[in-house]
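What follows is a single structure, written as structure tokens, with notes after it.
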Amino acid sequence: MLDNIIAVWPEIVTSLGQTFYMMVITLAVAVLVGTPLGTLLYLIRPGSIISAPRLYVAIDGIVNVIRSFPFLILLIAIIPFTRLIVGTAIGTTAVVVPLAISAIPEFARLIEQTLLDVNRGIVEAAESMGANTRQIIWKVLFSESRAGIANAITIISVSFLSFSTVAGLVGGGGIGDFAIRYGYYRYQTDIMIATVILIVIIVQILQTTGNFTVRRLNKKN
Amino acid sequence: MISLKNLSKTYATKDGELQAVKSVSLEVAKGDIYGIIGFSGAGKSTLLRMINLLERPDTGSVHVDGVDLTSLSKKELLKRRLSLGMIFQHFNLLSNRTVSQNVSFPLEIAGVPKAKRKKRVAECLEIVGLSDKANAYPVKLSGGQKQRVGIARALATQPNVLLCDEPTSALDPQTTESILAFLKELNEKFGITIIIVTHEMEVIKTICNKVSVMENGHIVERINMRDSTFVPQSKIAQFLFRNEIEFQGKEEIANAR
Ligand SMILES: Nc1ncnc2c1ncn2[C@@H]1O[C@H](COP(=O)(O)OP(=O)(O)OP(=O)(O)O)[C@@H](O)[C@H]1O
Ligand SMILES: [Mg+2]
Numbered sequence: 131m132l133d134n135i136i137a138v139w140p141e142i143v144t145s146l147g148q149t150f151y152m153m154v155i156t157l158a159v160a161v162l163v164g165t166p167l168g169t170l171l172y173l174i175r176p177g178s179i180i181s182a183p184r185l186y187v188a189i190d191g192i193v194n195v196i197r198s199f200p201f202l203i204l205l206i207a208i209i210p211f212t213r214l215i216v217g218t219a220i221g222t223t224a225v226v227v228p229l230a231i232s233a234i235p236e237f238a239r240l241i242e243q244t245l246l247d248v249n250r251g252i253v254e255a256a257e258s259m260g261a262n263t264r265q266i267i268w269k270v271l272f273s274e275s276r277a278g279i280a281n282a283i284t285i286i287s288v289s290f291l292s293f294s295t296v297a298g299l300v301g302g303g304g305i306g307d308f309a310i311r312y313g314y315y316r317y318q319t320d321i322m323i324a325t326v327i328l329i330v331i332i333v334q335i336l337q338t339t340g341n342f343t344v345r346r347l348n349k350k351n
Numbered sequence: 019m020i021s022l023k024n025l026s027k028t029y030a031t032k033d034g035e036l037q038a039v040k041s042v043s044l045e046v047a048k049g050d051i052y053g054i055i056g057f058s059g060a061g062k063s064t065l066l067r068m069i070n071l072l073e074r075p076d077t078g079s080v081h082v083d084g085v086d087l088t089s090l091s092k093k094e095l096l097k098r099r100l101s102l103g104m105i106f107q108h109f110n111l112l113s114n115r116t117v118s119q120n121v122s123f124p125l126e127i128a129g130v131p132k133a134k135r136k137k138r139v140a141e142c143l144e145i146v147g148l149s150d151k152a153n154a155y156p157v158k159l160s161g162g163q164k165q166r167v168g169i170a171r172a173l174a175t176q177p178n179v180l181l182c183d184e185p186t187s188a189l190d191p192q193t194t195e196s197i198l199a200f201l202k203e204l205n206e207k208f209g210i211t212i213i214i215v216t217h218e219m220e221v222i223k224t225i226c227n228k229v230s231v232m233e234n235g236h237i238v239e240r241i242n243m244r245d246s247t248f249v250p251q252s253k254i255a256q257f258l259f260r261n262e263i264e265f266q267g268k269e270e271i272a273n274a275r
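Going down the list, the protein sequences come from chains A and B. Converting from the first sequence to the numbering used here requires adding 130 to each position, the first position being numbered 1. Converting from the second sequence to the numbering used here requires adding 18 to each position, the first position being numbered 1.
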């Protein structure tokens, strides 16, 4: 068994690299676009700080539609768009586009929920001190929910590690694709098991780091 | 100093419209400790929150120092709020900030430079007697300490009015007493006008010089506490004061023995 694994080790390393690449870009886009989007959803919610019920319904609807697309179908459906953005519809970079597109609304929703957990009274106290909307967002909402945001990043990392497995379908590679190729197409069960263990370890590391960060950031108890 | 004219506020709820405050007018003079008392749902908090326009009245005007707040632009209003401190029943401290960072918060909002902030934070913590807790997080404080941080925070920008929404309702009787004594001291020492919303007769008795009784969105009675000969007219005032009178009666009996 060990021999088999050693034989494919370089390929495992390449696959891990691809997964890492997909994850980093997906996460970066999800956080950079999803955070403002989720914050906007929170702010324009009926009865919230800016309160724009119609715009809320519109954006909320779009977020729901994208989230309800099964990832595999989204991947195929947006091929023309992917081609437009990165010039190709196959390969690791091409997979990042659908990954990021489905991660954005997912993360936005997590952020919206996290912000909803911020005590309304604290927001009100800040308003009573003359804080404007920008100050409320940065100094109250993001500060109070920083542990929740770290938790959201952890959740999205773990779930998109799993999503990235599908990348193999369009030649994107990655560790999940590697497991499928050896385990499913070549019946090399030992390699598949070793890969799965590797994935479990990665998830554990992500989760533990996440939990640790959340605990460090949270001063609520 | 504060003049509320014909303030009304209606909320749209699932069961139709709910008029929380019905054409209320109120005059608060400089140096007053003005109580607003009434049962739950009477509209006290709504009325208080209209003074700094956390809640926009549907009709009426709010004059503070002669300026009609309802006519100000958003930016001018935010600036004005610095002179209207507010404290809350549940303190509403920022849980991820230390005591001194909490007190520093309104100064950051106001754009005060760092060195000045530090000095003012130290002063305010000194006033409320919590200098030793400067680096503690709110979760580690008792209720009374949290409220004192709330007061220090409200004082940071040197307001001349303090709006208090049930500031002692989450505290035990002993802590209540010390917070009330403290508010009174602020009023006497710094001339801060205090408006205090409560449902506890004890709060009114202890520190207020004037009180309005609210019921069902209306002010049903206004009482000057310095006038010891007043006879409560409204049912609710009679109820509130009778409890207190009975209580005093018992005390007198006890003292007589
Ligand atoms: N944002 C809101 N939306 C809908 N109804 C509201 C809102 N705020 C207050 N109300 C309603 O207005 C009425 C008055 O509320 P308010 O909070 O002013 O009462 P209160 O006298 O402060 O009572 P309590 O002692 O319970 O704090 C209540 O019936 C309440 O349900
Ligand atoms: Mg209230």
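We put the CB at the ideal spot given by N, CA and C, even for glycine. The model shown is predicted, which means the values in this text are computed figures rather than measured ones.
- Listed along the chain, the chain A residues whose CB falls inside 7 Å of the CB of residue 113/B are 274, 349 and 350.
- Listed along chain B, no residue sits closer than 7 Å to residue 287/A by beta-carbon distance, the nearest being about 23 Å off.
- The segment 132-150 of chain A makes contact with the segment 301-318 of chain A: 3 or more CB pairs, one atom from each, lie closer than 8 Å.
- Along the segment 244-272 of chain A, the positions whose C-beta sits under 8 Å from a C-beta of chain B are 249, 251, 252, 254, 255, 256, 257, 258, 259, 260, 261, 262, 265, 269 and 270, read in chain order.
- If you check each beta-carbon in the segment 37-68 of chain B against every beta-carbon of chain A, none falls closer than 7 Å.
- Look at residue 138/B: its C-beta is not under 8 Å from any C-beta on chain A.
- Contact between residue 258/A and residue 99/B is confirmed by a C-beta separation of about 6 Å, below the 8 Å threshold.
- Relative to the Cα of residue 228/B, the nearest Cα in the group 220/B, 216/B and 241/B belongs to 241/B.
- Scanning 340/A, 270/A and 295/A for the CA closest to the CA of residue 282/A turns up 340/A.
- Residue range 211-216 is occupied by the beta strand (DSSP E) that includes residue 214/B.
- Here the alpha carbon of residue 65/B sits roughly 21 Å from the alpha carbon of residue 223/B.
- When only Cα atoms are considered, residue 183/A and residue 125/B end up about 33 Å apart.
- Remark: fewer than three beta-carbon pairs, one from each stretch, lie closer than 8 Å, so the segment 129-146 of chain B and the segment 56-63 of chain B are not flagged as touching.
- With a cutoff of 7 Å, residue 221/B does not count as near ligand 2, since its C-beta is closer than that to no heavy atom of the ligand.
- Chain order gives the chain A residues near residue 124/B as 259, where near means a beta carbon separation below 7 Å.
- Placement of the Cβ of residue 28/B at a distance of 7 Å or more from every heavy atom of ligand 1 is found.
- DSSP, reduced to helix, strand and coil, places residue 25/B within a strand of the structure shown.
- At the C-beta level, residue 211/B and residue 40/B stay beyond 8 Å of one another.
- Looking from the CA of residue 192/B, the closest CA among 89/B, 163/B and 208/B belongs to 163/B.
- Contact between residue 322/A and residue 315/A does not hold, since the beta-carbon distance rounds to 10 Å and is not under 8 Å.
- Taking a Cβ-Cβ threshold of 9 Å, the residues of chain A close to residue 100/B are 259 and 260, in chain order.
- With a threshold of 7 Å, the Cβ atom of residue 236/B does not count as near ligand 1, since no heavy atom of the ligand is closer than that.
- The contact set of residue 197/B on chain A, defined by CB atoms closer than 8 Å, is empty, because the minimum CB distance reaches about 17 Å.
- Not a single heavy atom of ligand 1 lies less than 7 Å from the C-beta of residue 171/A.
- The criterion of a C-beta distance shorter than 8 Å is satisfied by residue 246/A and residue 172/A.
- With its beta carbon less than 8 Å from one in chain A, residue 155/B belongs to the interface.
- Take residue 230/A, set aside five residues on each side of it, and the residues of its chain with a beta-carbon closer than 6 Å to its own are 156 and 159, in chain order.
- Contacts between residue 127/B and chain A, judged by CB atoms closer than 9 Å, involve 256, 259, 260, 261, 262, 265 and 269 in chain order.
- Cβ neighbours of residue 347/A within its own chain (closer than 6 Å, five residues either side excluded): 276, 277 and 280.
- In this structure, DSSP gives residue 128/B a state outside helix and strand, which the three-state scheme calls coil.
- Using a Cβ-Cβ cut-off of 9 Å, residue 106/B is close to 251, 254, 255 and 258 of chain A, given in chain order.
- Take the alpha-carbon of residue 330/A and the one of residue 233/A: they are about 21 Å apart.
- Each of 204/B, 146/B, 107/B and 92/B was checked against the Cα of residue 51/B, and the nearest Cα belongs to 204/B.
- Linking residue 75/B to residue 30/B through their CA atoms gives a straight-line distance of about 14 Å.
- Using a Cβ-Cβ distance cut-off of 8 Å, the segment 165-175 of chain B and the segment 114-129 of chain B are in contact, since at least three pairs of beta carbons, one from each stretch, lie closer than that value.
- In the DSSP assignment, residue 31/B forms a beta bridge with 34/B.
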